[in-house]
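Enquirer: For what it's worth, UniProt numbering labels the leading residue of the sequence shown as 1, then goes sequentially. Every residue, glycine too, gets a C-beta built ideally from N, C-alpha and C. Take a look at this one; I'll ask things after.
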Amino acid sequence: MLVPRTLAPHLTVKTLQHGEFDLTREKPSLMTLVCFYRGLHCPVCGIYLKELERMTLSFDERGVSTIAISSDGEDRARQMADKIGAEHLRIGFGLPLSVARQWGLYISSSRGKTSIGIEEPELFSEPGVFLIKPDQTVYWLSVQSMPFARPNFVEMVQALDFVIKNDYSARGEYTGEV
């Protein structure tokens, strides 16, 4: 289980237009937002990533770099990028499911075609959103076992304003006896 204030797992993936993404080489002034999504087959992901694309410049203004990553191959990732009109949001692809599991993501098996008529991969990861500090420690995380009820990016930007103003530290770090 990932815990705030501990090191994030290693994460390196190819991106569509920005070369290789290596979390250890990310140096935002505040944090990196890593959004793991289910893949092209997921209609909820398309809507969610459109919102992240729309909010990417707002995150950037606050010193937060963004990337959306799935286990899809390059072709499906490109189709998703086209679908959401990705101009600012980096799109990573080819996430190994073993790495997804290190990040605490749930893994699902295919149930065939989705409501939008796209075949699910045999196995894929469920969504997760993470804020990672430049020192590679986890600041905030949210992991879902379903495609629904994900964190709201507008609220996250508002929360970042509070975090910046108040130098608010990561919470949920306690791992001792209870």
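(1) Quick one: what does DSSP say C45 is sitting in, helix, strand or coil?
(2) Check P56 in the structure and name its three-state DSSP category.
(3) Excluding the 5 residues preceding and the 5 following T175 in the sequence, name in chain order all residues of the same chain whose CB lies nearer than 8 angstroms to its CB.
(4) Quick one: Cα of R111 to Cα of R90, how far?
(5) Less than 8 angstroms between the CB atoms is what I'm expecting for G94 and G73, so what's the real figure, rounded?
(6) Using 9 angstroms as the threshold, is the C-beta distance between residue 181 and T24 below it?
(7) Could you check what DSSP says for I84 in three-state terms: helix, strand or coil?
(8) Whose C-alpha, out of N166, K133, N152 and F148, is nearest the C-alpha of M31?
(9) When we look at the beta-carbon of R171 and count the other beta-carbons within 10 Å, is it buried (16 or more) or exposed?
(10) Of all the options V129, Y168 and D167, which has the alpha carbon lying nearest to the alpha carbon of Y48?
(11) Taking V154 as the reference, give the member of F124, S71, K50 and G104 with the closest Cα.
(12) Determine the direct distance from the alpha carbon of L141 to that of L160, and round the result to whole angstroms.
(13) Please state the DSSP three-state secondary structure of T137.
(14) Measure the alpha-carbon distance for M1 versus Y37 and round it to whole angstroms.
(15) Please classify F59 as buried or exposed, where buried requires at least 16 other C-beta atoms within 10 Å of its C-beta.
(16) Evaluate residue 180 with the Cβ neighbour count: other Cβ atoms within 10 Å of its Cβ, from every protein chain shown; 16 or more gives buried, anything less gives exposed.
Expert: So, from the data block:
(1) helix
(2) The amino acid occupying residue 56 in the given sequence is Thr; Pro does not appear at that position. It is helical.
(3) V3
(4) 28 angstroms
(5) 6 angstroms
(6) With the chain covering 1 to 178 only, the question about residue 181 has no answer from this structure.
(7) helix
(8) K133
(9) exposed
(10) V129
(11) K50
(12) 14 angstroms
(13) strand
(14) 19 angstroms
(15) buried
(16) Look at the range of the chain in this structure, 1 to 178, and you will see that residue 180 is not part of it.
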